[in-house]
Each structure stands twice: as structure tokens, then as C-alpha cells.
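Residue numbers (UniProt numbering): 1 to 141. Virtual Cβ for every residue (Gly too), placed ideally from N, Cα, C. To keep things clear, I will list the structure first and then write my remarks on it.
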Amino acid sequence: MSYWLFKSEASTWSWEDQLAKGEEGEEWDGVRNYQARNFMRQMQVGDLGFFYLSQKDKMIVGIVEVIAEAHQDSTTDDPRWECVDIKAVKTLPNPVTLQMCKDDPRLADMVLVRNSRLSVQPVTPEEWRIVCELGGLEEKF
DNA sequence: GCCAACGTTGGC
DNA sequence: GCCAACGTTGGC
1 MSYWLFKSEA
11 STWSWEDQLA
21 KGEEGEEWDG
31 VRNYQARNFM
41 RQMQVGDLGF
51 FYLSQKDKMI
61 VGIVEVIAEA
71 HQDSTTDDPR
81 WECVDIKAVK
91 TLPNPVTLQM
101 CKDDPRLADM
111 VLVRNSRLSV
121 QPVTPEEWRI
131 VCELGGLEEK
141 F
């Protein structure tokens, strides 16, 4: 069981869009970066991830779950590109902004803080716990 | 809107 | 296989 972070631009795919898909979920397509793809290949059904909005919002707004392992990205015929399917699980009571992550010394090594350009990132269990706490989640994820 | 960081492309 | 040129991303 691993933790991840998925980055999106609200104008392209918002948290509302993801929520609207419900249990059915949606494929996380459009990734054209080998590092990001390689992380998606490592994902297993049941893994959890943060849903982060880049650009304008710059905050983690929700939690998603991987519901299908890596498969061909349907938006391209290029066999190099694969993606997983994810569904929304939970909206954070308090969004966790990038600034909050940067201000928390325990999150200094988060990929989000260190390499802001990577669109799919691994998150350590410790970072996961801290961000959940900052986000106001009581229950254990 | 700018620019730094990073990834990709293509000529050699 | 190197590296310069170029394109893109994303924080500020």
C-alpha cells in the first residue's frame, strides 16, 4: 500500500470534475513524462493519493484511490504512455496549501516542495499522515 | 507575465 | 553520446 500525489490544473480537470465521476472514477490521462508514468506503473489498486491543484489554487484539496492499474492512455495511440484510473474518496475539511507544506519543517523533503514540476509523485507514509492532519482529517487513512 | 527548472529534440 | 536549442511547467 503506497501513497501518491496527483497534480492537476483546475481549468483542465478540477476536484469537482473528479467528484462528479463518483465511484466510476476516471483515467488519469495526459501524462507525457517518463518519471510520472513510471510512478503510475508502480501503483496498485487500493493505493491512495492526494489531489493537488497547481497554478492558481496551489493546494491539496482531496484524497483519491487507485481503482485500476496502469494501462494504455486512451488519449494517445503511442504505447509509451500509460495511466491509472482513480476515484475521489474524500474532500479535505481544510485544503492544505503549498505554502503550508513549505512552512512545515516536517514536509521539507516532500517532492511537492522540492520538485514542483513533477505531475505524479510518491508521498511517504509520514508525509501522508502530516498532510491529513493539516487537512483536518480525524480518521486514519 | 516573468523566469527558473526541467525535459525533450536533433545536429554533430 | 554529447550538448545546445527549444518547449513546457508552475511558482511567484
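Mind reading off the beta-carbon distance from residue i to residue j? Whole number of angstroms is fine, and I expect it under 8 Å.
| i | j | result |
| --- | --- | --- |
| Asn33 | Ser119 | 6 Å |
| Gln18 | Phe50 | About 12 Å separates the two Cβ atoms, so there is no contact after all. |
Once the 5 residues before and after residue i are set aside, which same chain residues still bring their CB inside 6 Å of it?
| i | result |
| --- | --- |
| Ser54 | Lys7 and Glu9 |
| Pro95 | Met59 and Val61 |
| Pro93 | Gly136 |
Could you give the DSSP three-state label for residue i: helix, strand or coil?
| i | result |
| --- | --- |
| Met100 | helix |
| Gly22 | helix |
| Leu92 | strand |
| Val40 | The question names Val, but residue 40 is Met in the sequence shown. If DSSP states are grouped into helix, strand and coil, Met40 belongs with the helices. |
| Asp47 | coil |
| Asp17 | helix |
| Pro79 | coil |
| Leu53 | strand |
| Glu127 | helix |
| Leu5 | strand |
| Glu27 | strand |
How many Å lie between residue i and residue j at the Cα?
| i | j | result |
| --- | --- | --- |
| Ile63 | Arg37 | 20 Å |
| Tyr3 | Val31 | 18 Å |
| Trp28 | Pro105 | 30 Å |
| Ser14 | Pro125 | 25 Å |
| Thr76 | Thr97 | 32 Å |
| Arg114 | Ser74 | 31 Å |
| Glu82 | Glu133 | 32 Å |
| Leu48 | Thr12 | 22 Å |
| Asp78 | Arg41 | 16 Å |
Only counting the same chain, and skipping five residues up and downstream in sequence, which positions put a Cβ closer than 8 Å to that of residue i?
| i | result |
| --- | --- |
| Phe39 | Trp4, Val120, Gln121 and Pro122 |
Here's the rule I'm using: 16 or more other beta-carbon atoms within 10 Å means buried, otherwise exposed. How should residue i be labelled?
| i | result |
| --- | --- |
| Val45 | exposed |
| Gly22 | exposed |
| Asp109 | exposed |
| Met43 | buried |
| Ala70 | buried |
Beta-carbon within less than 7 Å of residue i's beta-carbon, same chain only, minus the 5 sequence neighbours each way: which residues are those?
| i | result |
| --- | --- |
| Ile67 | Gly25, Val45, Asp85, Ile86 and Lys87 |
| Leu107 | Cys101, Val113, Glu127 and Ile130 |
| Gln35 | Leu118 |
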